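*Asks:* In the UniProt record's numbering, the protein residues as written are 1 to 296.
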């Protein structure tokens, strides 16, 4: 009897050893007193919050030329932290103009006050109810952040998302807010064919139901903030700011002049855009080049 039991146990150990690599690793409960950010990670039919090690170097003062947007979102976030009514926010506009950076700068500014950030991908927004239920009754304030929320032509997921947002946002606890960024104001592309069914009723023009259906998704956000392409002057001001930041850290003496401006404009022209991301990349290039030239 003992020999057969030992043989069974040995076989069981062998089977478990083969199955163990296939099983999900045990998930530890996040200590939100120490963890400042997490990402919702899909796993099978469910998912879990993965802690993130985030940098808090980005400041709101680093965002040059978007004062109105910065002040509006900062005020909305302060209301949220103070337990006052606040709106879910959609930050839309040109790429590289500071939309995502603004959200992360808010985390840096308010982390000590209990603000936390949870990133969730567009394809995982159907899991919003599962995410929200893990945050109920926690003392911290959570911004659910969806970067690049948009849909391509022919995708029908936006209708599912619309219903999920309706339920999740209306029933969200007071310590949860949704901030999203997009290159499109209405999140879904509007085609000329959408307007084929426009009709005039008693002298009034009424849009077709297709257009109304697509626009309705962005209406889930109470606060809309617009970010526009940089003018050349705006772009150069941002270049000057980032060169100043990087040069000061490196102990590099420098001065803005016409030659520097021309070089920065050529850099932007070669990349086909003038935005904050391009300005930061040029600043890194230029400061790095000057530091290299200074080496013996």
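We treat Cβ as the ideally placed atom computed from N, Cα and C, and that holds for glycine. All values derive from a computational prediction rather than experimental measurement.
#1: Alpha carbon to alpha carbon, how far is residue 247 from residue 130?
#2: Are the stretch 96-114 and the stretch 50-69 in contact at 8 Å, needing three or more beta carbon pairs?
#3: If you reduce the DSSP assignment to three classes, tell me which class residue 122 lands in.
#4: For the alpha helix (DSSP H) holding residue 177, just list the boundary residues, first then last.
#5: Relative to the C-alpha of residue 113, which residue among 102, 126, 139 is closest?
#6: Rounded to whole angstroms, what's the CA-CA distance from residue 209 to residue 224? Just pull it up for me.
#7: Let me check understanding here. Comparing Cα to Cα, which of 119, 38, 101, 82 lies closest to residue 277?
#8: In three-state DSSP terms, what is residue 135?
#9: Tell me residue 57's beta-bridge partners as DSSP assigns them.
#10: I'd like the list of long-range same chain contacts for residue 193, defined as Cβ closer than 6 Å, with 5 residues on each side in sequence excluded.
#11: Among 128, 3, 259, whose alpha-carbon lies nearest the alpha-carbon of residue 145?
#12: So residue 132 packs on residue 173, CB below 8 Å; how close in whole Å?
#13: Only counting runs of 4 or more residues, tell me where the alpha helix (DSSP H) segments fall wholly within the stretch 212-247, in order along the chain.
#14: Could you give the distance in angstroms between the alpha-carbon of residue 198 and the alpha-carbon of residue 264?
#15: Where in the stretch 47-100 do unbroken runs of the beta strand (DSSP E), each at least 3 residues long, occur, reported from the N-terminal end onward?
*Replies:* So, to answer that:
#1: Taking the chain shown and counting its residues from 1, the one referred to as residue 247 is at position 247. Taking the chain shown and counting its residues from 1, the one referred to as residue 130 is at position 130. Roughly 45 Å separates the two Cα atoms.
#2: yes
#3: Indexing the chain shown from 1 puts residue 122 at position 122. Note: residue 122 maps to helix in three-state DSSP.
#4: Walking along the chain shown from the start, residue 177 turns up at place 177. Premise fails: residue 177 lies in the beta strand (DSSP E), 176-182, not in any alpha helix (DSSP H).
#5: For the purposes of this step, residue 113 is taken as the residue at position 113 of the chain shown. Answer by Cα proximity: 139.
#6: Taking the chain shown and counting its residues from 1, one reaches residue 209 at position 209. Taking the chain shown and counting its residues from 1, one reaches residue 224 at position 224. Note that residue 209 scores 48 on pLDDT, short of 50, meaning its location in the model is unreliable; the coordinates nonetheless yield the value given after this. When rounded, the distance between both Cα atoms is 23 Å.
#7: For this step, residue 277 is matched to residue 277 along the chain shown. Checked all of 119, 38, 101, 82; the closest Cα to residue 277 is 101.
#8: One-based indexing of the chain shown puts residue 135 at position 135. Three-state result, residue 135: coil.
#9: The sequence position of residue 57 within the chain shown is 57, counting from 1. DSSP lists no partner for residue 57.
#10: Numbered from 1 along the chain shown, position 193 holds the residue referred to as residue 193. Residue placement at residue 193 cannot be trusted, given a pLDDT of 47 that sits under 50; what the coordinates show is reported in the next sentence. Correct list: empty, nothing qualifies.
#11: On the chain shown, position 145 is the one that residue 145 refers to. Nearest C-alpha to residue 145: 128.
#12: Your numbering for residue 132 matches position 132 in the chain shown. Your numbering for residue 173 matches position 173 in the chain shown. The pair is a contact, with the Cβ atoms about 7 Å apart (cut-off 8 Å).
#13: none
#14: As a first step, residue 198 is located in the chain shown; it is residue number 198 there, counting from the start. As a first step, residue 264 is located in the chain shown; it is residue number 264 there, counting from the start. Annotation note: pLDDT 49 at residue 198 (below 50); position unreliable, coordinate value reported separately. Distance between the alpha carbons of residue 198 and residue 264: 47 Å.
#15: 89-93
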